[in-house]
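Colleague: Starting off with a structure, shown below.
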Amino acid sequence: MQQVDFLQWLHREIPLTAAMQIDAVEFDGKRLALHAPLAPNLNDKGTGFAGSTSGLATLSGWCVITLWLESRGIDADVMIARSEIDYNAPLLTDLQTQVELPDSAVLEQFERRLLEKGRARMPLEVTLGEPGSPVLVLSGDYAARLR
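In this note's numbering, the protein residues as written are 1311 to 1457.
And the structure:
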């Protein structure tokens, strides 16, 4: 799926993503970045609302696995199974997440288990903010289940 098509699909299937005004998705097959402007995601203090930042981080992990599975021709539901979030500083700029798929050995094991057992889990770390100085770090396990 083209990235523009994916973004339109995302807004249609998960309406909150349109309300957050997520306006860019970049996926190169290994790394994914999502972007949303700060203005519709502000809290009462004029910084990034924690619900928006955690939501975008959670969504980023979901997107990278969903797009990777699609590229492999695997039809599966993806969901967050466990997450832990560290908030390091207030967000004063647009929301920008980064997530990278694990190394090939982890991906191969994930795919093999998914195809053999019908379900699998993958750990991911998602950051929000400038690379090297994230304001938020999400460490989580994402689950996939064959449809």
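Cβ coordinates follow ideal geometry from the N, Cα and C atoms, glycine included.
Indicate whether the contact test is met: 3 or more Cβ pairs, each with one atom in the region 1355-1364 and one in the region 1426-1434, closer than 8 Å.
Modeller: Because the criterion of three Cβ pairs below 8 Å is not met, the region 1355-1364 and the region 1426-1434 do not touch.
Colleague: State buried or exposed for residue 1399, treating a residue as buried only when at least 16 other CB atoms are found within 10 Å of its CB.
Modeller: Position 89 of the sequence shown holds residue 1399. Classification of residue 1399: exposed, given that the 10 Å Cβ count is below 16.
Colleague: Would you say the region 1343-1351 touches the region 1397-1412, given that touching needs at least three Cβ pairs under 8 Å?
Modeller: The answer is yes - the region 1397-1412 touches the region 1343-1351, with three or more Cβ pairs under 8 Å.
Colleague: Based on Cα-Cα distance, which residue from 1454, 1379, 1386 and 1396 lies nearest to residue 1340?
Modeller: Taking the first residue of the sequence shown as position 1, residue 1340 is located at position 30. Looking at the Cα atoms, 1379 is the closest of the given residues.
Colleague: Report back the beta-carbon spacing between residue 1445 and residue 1434 to the nearest angstrom; my notes put them in contact at under 8 Å.
Modeller: Residue mapping note: residue 1445 aligns to position 135 of the sequence shown, counting from 1. Residue mapping note: residue 1434 aligns to position 124 of the sequence shown, counting from 1. Actually they are not in contact, since the Cβ atoms of residue 1445 and residue 1434 sit about 18 Å apart, beyond 8 Å.
Colleague: Do residue 1447 and residue 1411 count as a contact pair if the criterion is CB distance below 8 Å?
Modeller: Numbered from 1 along the sequence shown, position 101 holds the residue referred to as residue 1411. Numbered from 1 along the sequence shown, position 137 holds the residue referred to as residue 1447. Contact flag unset, no.
Colleague: If you reduce the DSSP assignment to three classes, tell me which class residue 1358 lands in.
Modeller: As a working note, residue 1358 is residue 48 in the sequence shown. In the structure shown, residue 1358 sits in a strand (DSSP, three-state: E or B).
Colleague: Count the other C-beta atoms from every protein chain shown that fall within 10 angstroms of the C-beta of residue 1362, then say buried if there are 16 or more, exposed otherwise.
Modeller: Residue numbering aside, residue 1362 sits at position 52 when the sequence shown is read from its first letter. When all chains shown are included, residue 1362 counts as buried.
Colleague: What are the partner residues of residue 1408, as DSSP defines its beta bridges?
Modeller: As a working mapping, residue 1408 is identified with position 98 in the sequence shown. 1343 and 1437, per the DSSP bridge assignment.
Colleague: Among the candidates 1456, 1449 and 1455, whose CA atom is the shortest distance from the CA of residue 1371?
Modeller: Within the sequence shown, numbered from 1, the residue matching residue 1371 stands at position 61. The option with the nearest alpha carbon to residue 1371 is 1449.
Colleague: Within 10 angstroms of its Cβ, does residue 1389 collect 16 or more other Cβ (buried), or is it exposed?
Modeller: For the purposes of this step, residue 1389 is taken as residue 79 along the sequence shown, with counting starting at 1. By the neighbour-count rule (16 or more Cβ atoms within 10 Å), residue 1389 is not buried but exposed.
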